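Report on one structure; see the data block that follows.
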Amino acid sequence: MITGFILAIAVLISNYIGFFLILFMLCFFVSNMLCSICLDGVRHFKDLLCKDLRRYATILISFAIFAVPFLFPYIKANYFSDTTAFSTSHSLNPQRTLEDFQNFSARPWYYVLPPLSHPILGEVVTRPVLEWMKDDWGYFLADDYFPKEHGGGYLGVANLVIFALAIWFAFKQALWKIKGQRSKVKNESKNSKVYYSGESLRLVLTVTITIVLLFLFTMPPFFTMSGHKIYTLGFVLYKFFPMFRVTARLGIVILMCVLVVNGLFLQKLLVQNQKSNVKNQKLKSKFKIIIIIYTIFALFEFYVPISTFNTSKVPPVYEYLSKVDKTVSFDFTGLTGKRGFYEGPLIIAEYPGGRSEDIFWITKHHKGFINPRMYKNEEYGFDSDNFTKKLITEEGLSNARKYGVSFVIFHKDRNPEIGSEGFFREFLEVERDFGNVILFRF
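Residues -14 to 427, numbered by this note's numbering, are exactly what the sequence shown covers, in order.
The structure is reproduced here in structure tokens:
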């Protein structure tokens, strides 16, 4: 009952958090059942199945009691209404295309590529790899990398090395146990070594299988191999839960699972190391050094510098814009078909957008700012995040012209989409180059 209530609170706070928790819970349930069949046999599996079904049913029923009354308008709009009656930007019924799911799903290599925001690894490792994939490989799933979404899926080399060791020992012990059951031998073989206790072994294997299932859910709905379509579990989410398109965010849940497995493995090593006799002091010292090196390298891998800016010094691009004294007036039509009229200062767009300081600098340049982060206007069907994302397409530039945008401020130091600078140079005119910032004019 309490777990169901917590899930309901999570869903009401954030649909994504609640949905991912429920998906994780179901994957964990399936994984636990598979481990039970392998480790305990069919007889114990039936007992555990009945027990867990009651437990999970109680959680889901209590969740439904607390959450459904609040989510009913959302559920009705998505599953019991004519979807054609809603626009693509409707808050209750956001229609997502297959292309959206392809773009915002993860790729296997995203889990081993450091985020572009890393001051060293981002430029030395990730950017060259992504450029090679886009320009030389040419696979249709190789060029959709959004730093703010996909960068969060990085698992870390240090974590993956420890994780590989942990599951190797776990599967080795599990195989010995299964062989012992088949040969009707109750005791462990003398040649086998017990690395995990019974509960720890089950937990490591269960979480590992859960990671595999979650990984498959983060994949694109399908990929091609030799001209044949191969569907993944991501296709299930696309068909039944089209509102949750950014499946790459499950990478955070996968990282948490990896850290749980690593923690159990390191705990066992620490316990065994402490039980060693005095003669193994050198071994203990080496173990401590390895842990320290692992910790330092793991922290280095995930280091992202804190973003700060000096408000007393106005960036040159905004100083320049403040001196452009011109007003505009024009008619426009929103995505909803509603017509509008604008009269005022020139309108600018920031790319990449999403910085809070962009709004602050309005007080300096005194221009209209069309794409502040997370701004929506339901009356005209305008979504600033979607506008910014499509700005590096011909359709996006056409849309910007329709809304009267005069300038695009391009920030090189914000990890822009690969190839975006060349795109703007091709379709827009360079008004002024300020080094890390380029001002483009329509």
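For glycine and all other residues, C-beta sits at the position ideal for the given N, C-alpha and C.
Fair warning: this is a prediction, and the values are worked out from it, not measured in the lab.
Query	Result
Report the residue ranges of all beta strand (DSSP E) runs contained in full by the stretch 89 to 172; include only those spanning at least 3 residues, in chain order.	none
Taking only runs of the alpha helix (DSSP H) that begin and end inside the stretch 327 to 390, which ones reach a length of at least 4 residues, in chain order?	342 to 345, 347 to 350, 369 to 374, 379 to 387
Report yes if the CB atom of G141 is closer than 8 Å to the CB atom of E286, and no otherwise.	yes
Which same chain residues end up closer than 6 Å to K397 when comparing Cβ atoms and leaving out the 5 residues on each side of it in sequence?	N421
Helix, strand or coil: how does DSSP classify I46 here?	helix
With 16 as the cutoff for other CB atoms within 10 Å, does S90 come out buried or exposed?	buried
Excluding the 5 residues flanking I347 on each side, which residues of the same chain have their C-beta closer than 8 Å to its C-beta?	F354
Out of P206, I239, L190, R399, state which residue places its alpha-carbon closest to the alpha-carbon of S292.	R399
With DSSP collapsed to three states, give me the class of E428.	Residue 428 lies beyond the stretch modelled for the chain, which goes from -14 to 427, so this question has no answer here.
Is the beta carbon of C12 sitting closer than 8 Å to the one on L198?	yes
Between which two residues does the alpha helix (DSSP H) harbouring T209 extend?	It is not in any alpha helix (DSSP H) - T209 instead sits in the beta strand (DSSP E) that spans 207 to 210.
Look at the alpha carbon of F220 and the alpha carbon of F207, and state the distance between them as a whole number of angstroms.	7 Å
Spatial neighbours of F412 within its chain, please: C-beta separation below 8 Å, excluding the five flanking residues on both sides.	E379, L382
Quick one: residues in its chain with C-beta nearer than 8 Å to the C-beta of K375, no 5 flanking neighbours on either side, listed in chain order?	G381, N384
From W161 to F9, what does the alpha carbon distance come to, in whole angstroms?	29 Å
To which residues of the same chain is V231 closer than 7 Å at the C-beta, ignoring the five residues directly before and after it?	F89, E134
Taking 8 Å as the threshold (C-beta atoms), are G389 and F282 in contact?	no
Identify the continuous alpha helix (DSSP H) that holds E402 and give its terminal residues.	It is not in any alpha helix (DSSP H) - E402 carries neither H nor E in the DSSP assignment.
Among D32, I194, K157, which has the Cα closest to the Cα of Y180?	K157
By the DSSP assignment, the beta strand (DSSP E) with L424 in it spans what residues?	422 to 426
Would you mind sorting E364 into buried or exposed? The rule is 16 or more other CB atoms within 10 Å of its CB.	exposed
Apply the 10 Å Cβ neighbour rule to E173 and answer buried if 16 or more other Cβ atoms are within range, or exposed otherwise.	Bear in mind that the predicted position of E173 carries a pLDDT of just 48, short of 50, making it too unreliable to give a figure here.
Let's see if you can read the secondary structure: which residues bound the alpha helix (DSSP H) around F225?	219 to 225
For F409, which three-state DSSP category applies?	helix
Measuring CA to CA, which of S182, V238, P401, A233 is closest to F250?	S182
Determine the burial state of P113: buried for a count of at least 16 other Cβ atoms within 10 Å of its Cβ, exposed for fewer.	exposed
Using the C-alpha atoms, what's the distance from L244 back to A143?	11 Å
Rounded to whole angstroms, what is the Cα-Cα separation between K224 and D310?	51 Å
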